[in-house]
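One point on numbering: in my numbering, the residue at position 49 of the sequence shown is 152, and numbering is uninterrupted.
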Amino acid sequence: MGILWAFWFLLMMFFVTCVNAGAIPGQEIYDKKCKSCHGKTGEGNPVMGKALKIDPALLPLKDLKKTDEELTVIIRDGKNKMPAFKGKVPDDEISHIVQYIRSFSKK
């Protein structure tokens with residue numbers, strides 16, 4: 104019975120690894136930290152926008168026109184009502200978020 108559980112566990116770990124391998128770098132972090140306000144693909148969450156009295160949309164390209172460095176600074180240090188993620192998200196992951204945000208303009 105123990106061997107069966109070990110086999111099942113290894114099979115599930117392989118499946119999870121394969122599924123995660125197809126994820127775009129930055130997507131998982133964006134989904135955890137950004138999506139609740141900015142929406143799944145940058146369209147913004149109207150409920151959050153109304154509650155915060157802001158337009159949280161990243162599209163149509165208003166924030167995508169910023170340089171990678173400008174986006175990095177905004178994510179790291181915050182801006183207006185957006186919280187800072189300095190110390191909460193490592194710089195390399197912020198870079199991945201920026202690249203993931205860039206993919207919105209291609210959709």
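Ideal Cβ placement from N, Cα and C applies to all residues, glycine included. Fair warning: this is a prediction, and the values are worked out from it, not measured in the lab.
Using 8 Å for Cβ pairs, my map puts residue i next to residue j. What's the rounded Cβ distance?
| i | j | result |
| --- | --- | --- |
| Leu167 | Ile204 | 7 Å |
| Val192 | Lys136 | 6 Å |
| Gly129 | His199 | 3 Å |
| Leu155 | Lys184 | 5 Å |
State buried or exposed for residue i, treating a residue as buried only when at least 16 other CB atoms are found within 10 Å of its CB.
| i | result |
| --- | --- |
| Val150 | exposed |
| Pro159 | buried |
| Ile197 | buried |
| Cys121 | With a pLDDT of only 46 at Cys121, under the threshold of 50, the placement of this residue in the model should not be trusted; the figure read from the coordinates follows. So Cys121 counts as exposed. |
| Ile178 | buried |
| Ile127 | exposed |
| Val201 | buried |
| Gly190 | exposed |
| Gly211 | Nothing about residue 211 can be reported from this structure: the residues present for the chain run from 104 to 210 only. |
May I ask you to check if the CB of residue i is nearer than 7 Å to at least one heavy atom of the ligand HEM?
| i | result |
| --- | --- |
| Met151 | Among the ligands in the structure shown, none appear at all, so the ligand HEM cannot be discussed. |
Starting from residue i, follow the alpha helix (DSSP H) in both directions and report where the run begins and ends.
| i | result |
| --- | --- |
| Ile178 | Asp171 to Asp180 |
| Ser208 | Premise fails: Ser208 is in no alpha helix (DSSP H) and is neither H nor E. |
| Pro186 | Premise fails: Pro186 is in no alpha helix (DSSP H) and is neither H nor E. |
| Leu155 | Pro149 to Leu155 |
| Asp158 | Premise fails: Asp158 is in no alpha helix (DSSP H) and is neither H nor E. |
| Cys252 | In this structure the chain extends from 104 to 210, so residue 252 is not present and cannot be described. |
Which residue wins for smallest C-alpha separation from residue i, given the options the options?
| i | options | result |
| --- | --- | --- |
| Asp195 | Pro186, Lys153 and Glu172 | Glu172 |
| Ser208 | Thr144, Cys140 and Gln130 | Thr144 |
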